[in-house]
Every structure is written in C-alpha cells, then in structure tokens.
Amino acid sequence: MKRAVRRQRRKPMADINIVPYVDVMLVPLVILMVTAPLITQGVKVDLPQANAQPQPGEGPLPVMIHIDQFGDTYLDLGENDLLPVDQQLLYERLLRVLRDAPATPIMVRADASIDYGLVVDAMVAAQAAGAPSVGLVTRPPPGVGSAPGPG
C-alpha cells in the first residue's frame, strides 16, 4: 500500500504588515522636521527714516499692509499671520474688515528700497475699500530716539 503524500496548505495570513505604513508616515515627518526651521515668521522690511512722533495706541488694532524689498504685498489682520495678497485680494480683505469695523486704522509698512508706486497702489486699494485715512509706518533715524522732531 502506498502512502498518500499530503501537502500541507498554508493558511492565508490575516495580519497587516505595518512596516510600509510606518515608512510612509516617517518620511513626511522627517521632511517637516528638516524644513520647519527654514520657514521664516515675518517679512524683512527696511523702513524709511523720519522724525515723526509715535501715534497714540487708542482704539482698535490697526491693519498692517507690508510691502517687502521684492515688492510682495502682505496683509496683517492682527492675528500674527501675514497673508500674501495681490491688489484685488487686498481690496476684498480690507473691504470686509472695514465693513465690520469702519474705524479700523490702516497702516502701510513698506521697504525703503521699493518703487513708491507700490505704496500708492496699496493706499488706493485701502481708500477704495472705505478707509478714511491710511498711515505710513517709519522708523526714527539713528541717534534720534524718541526726541521730538523740528517744528
């Protein structure tokens, strides 16, 4: 009598192999850890110098329009987020802010080396949105400090 050779069948494996999933999650984590220190949290602006007195800090916080040395425009609504904007988006955001709080002051903080036309464009967008006035942010000249300016 011959013995029948039985082959054992393997049962399908019911476990999930998580090694590829761990790899997929670790790669973005490493990329985030490497790039996070490179992200800057502000816009470097070289302000023009002027002998001007600081304005009193009464009323609502001003909305700041930042224009950096490359001519890029950013909007700071007081939430520590600089939103990159173009002329149309700047107008729409300012319109929304001024509709809710018409007394909100608008300030332009522009780099001294940019074309003055970019500052004028930002001021025009603010006035078109309904701002009664637009202020310019300057820094005092070196050595002057907070001394009052002439006349």
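In my numbering, the protein residues as written are -18 to 132.
For each residue, glycine too, the CB sits at the ideal point set by N, CA and C.
> How long is the line joining the alpha carbons of Ala84 and Glu73, rounded to whole angstroms?
Replying inline: 17 angstroms
- Query: Could you give the residue range of the alpha helix (DSSP H) that holds Ala91?
  - Reply: Here Ala91 belongs to no alpha helix (DSSP H); instead the beta strand (DSSP E) covers Ile87 to Ala91.
- Indicate whether the contact test is met: 3 or more Cβ pairs, each with one atom in the segment 92 to 107 and one in the segment 39 to 56, closer than 8 angstroms. yes
Just to confirm my understanding: we take Ala91, look at its own chain, exclude 5 residues before and 5 after, and list those with CB closer than 6 angstroms. What are they?
Around Ala91: Ile48 and Val100.
For a quick check, are the C-beta atoms of Leu43 and Pro86 less than 7 angstroms apart? It should be noted that the sequence gives Pro, not Leu, for residue 43. Yes.
Practice item. Assign Ile12 to one of three DSSP states: helix, strand, or coil. Key: helix
Which term fits Val89, buried or exposed, when burial requires 16 or more other beta carbons within 10 angstroms of its beta carbon? Counting Cβ neighbours within 10 Å, Val89 comes out buried, since at least 16 surround it.
How many Å lie between Ala128 and Arg80 at the Cα? Note that Ala128 has pLDDT 47, beneath the 50 cutoff, so the model's placement of it is unreliable and the number below is only indicative. Those two C-alpha atoms are separated by around 37 angstroms.
Problem - Bridge partners - Asp117, DSSP secondary structure assignment - result: The sequence shown places Leu at residue 117, not Asp. In the DSSP assignment, the residues bridged to Leu117 are Val89.
Same chain only: Cβ atoms within 7 angstroms of Ala106, ignoring 5 sequence neighbours per side: Gln68, Leu71, Tyr72 and Leu75
Look up Val66 in the DSSP assignment and give the residues it is bridged to.
-> Thr54
Check your understanding: Quick one: Cα of Ile(-1) to Cα of Met6, how far?
Key -> 11 angstroms
* My guess is that Leu56 and Val66 are in contact by the Cβ rule of under 8 angstroms, so how many angstroms apart are they, rounded? -> Correct: roughly 5 angstroms between the Cβ atoms.
Check the DSSP bridge columns for Ile(-3) and list the partner residues they point to. According to DSSP, Ile(-3) bridges with nothing at all.
TODO: List the DSSP bridge partners of Ile48.
DONE: Thr54 and Ala91
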